[in-house]
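J.:
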Amino acid sequence: MSALVECVPNFSEGKDKSKVENVVSAARAVPGVKILDVETDGDHNRCVLSFVAPPEAALEACFKVAAKCRDLIDLNVHKGEHPRMGAVDVIPFIPVDGISIRECARLAEKLGERIGRELDIPVFLYDHAARVPERKDLANVRKGQFEGLRELIGKDPARRPDFGPERIHPT
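Our numbering numbers the first residue of the sequence shown as 71 and each following residue consecutively.
(1) Helix, strand or coil: how does DSSP classify Pro231 here?
(2) Output the distance between the C-alpha atoms of Ala127 and Glu109, rounded to the nearest integer angstrom.
(3) Which two residues bound the contiguous beta strand (DSSP E) that contains Pro36?
(4) The beta strand (DSSP E) with Leu195 in it runs from where to where?
(5) If you scan the stretch 86-111 from start to end, which runs of the beta strand (DSSP E) of 3 or more residues do you find wholly inside it?
(6) Which residue from Ala97, Gly234, Phe121 puts its Cα closest to that of Asp107?
(7) Rounding to the nearest angstrom, what Cα-Cα distance links Phe194 and Pro125 in this structure?
(8) What does the alpha-carbon distance come out to for the pair Asp144 and Ala209?
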């Protein structure tokens, strides 16, 4: 049996159903992806997408989700109750079958490197993939949210991304 991983990208859109469907469609279009759930919250202006896939399909689907969010979501005008750092806020990889948490952390690293390189977006690894001990706790990564990151990235060494530029993306 081949390995299976669950991915749960959280992105900063929960009001515009068209944008949500465009992001979900980006994941759905990758062969091997099975969408489990799409949960939106208008007050938090956030969506949580859950899907399972073999590791390489999961990587590709998460990259497509990140690219679509970059194209559709502008945090400069985003309003919502939930703490957030980016158009795609977190992308956890959860082992389901035939894969370890360490292998999932390596998937996060591969995805982060690609997002940083190809999408020109700063990436901060957390939890099992964290490269900095303080980033093991997601609350430490989100501290200051998008607005705080915009002020400190490129100035404060503690806000240096693991991958990508030392500046926020224009959107």
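For every residue, glycine included, the Cβ atom is placed at its ideal position computed from N, Cα and C.
All values reported here derive from a predicted model rather than from experimental measurement.
T.: Per the coordinate set shown:
(1) As a working mapping, residue 231 is identified with position 161 in the sequence shown. The three-state reading of DSSP puts Pro231 in coil, since its state is none of H, G, I, E or B.
(2) Residue mapping note: residue 127 aligns to position 57 of the sequence shown, counting from 1. Residue mapping note: residue 109 aligns to position 39 of the sequence shown, counting from 1. If you draw a straight line from the Cα of Ala127 to the Cα of Glu109, it comes to about 22 angstroms.
(3) There is no way to answer for residue 36, as the model of the chain reaches only from 71 to 241.
(4) Residue mapping note: residue 195 aligns to position 125 of the sequence shown, counting from 1. Leu195: not part of any beta strand (DSSP E); DSSP gives it neither H nor E.
(5) 104-111
(6) The residue you call residue 107 lines up with position 37 of the sequence shown. Selected option, being the one with the closest Cα: Phe121.
(7) In the sequence shown, the residue the question calls residue 194 occupies position 124. In the sequence shown, the residue the question calls residue 125 occupies position 55. Cα-Cα distance, rounded: 20 angstroms.
(8) In the sequence shown, residue 144 corresponds to position 74, counting from 1. In the sequence shown, residue 209 corresponds to position 139, counting from 1. Per the coordinates, the alpha-carbon of Asp144 lies some 22 angstroms from the alpha-carbon of Ala209.
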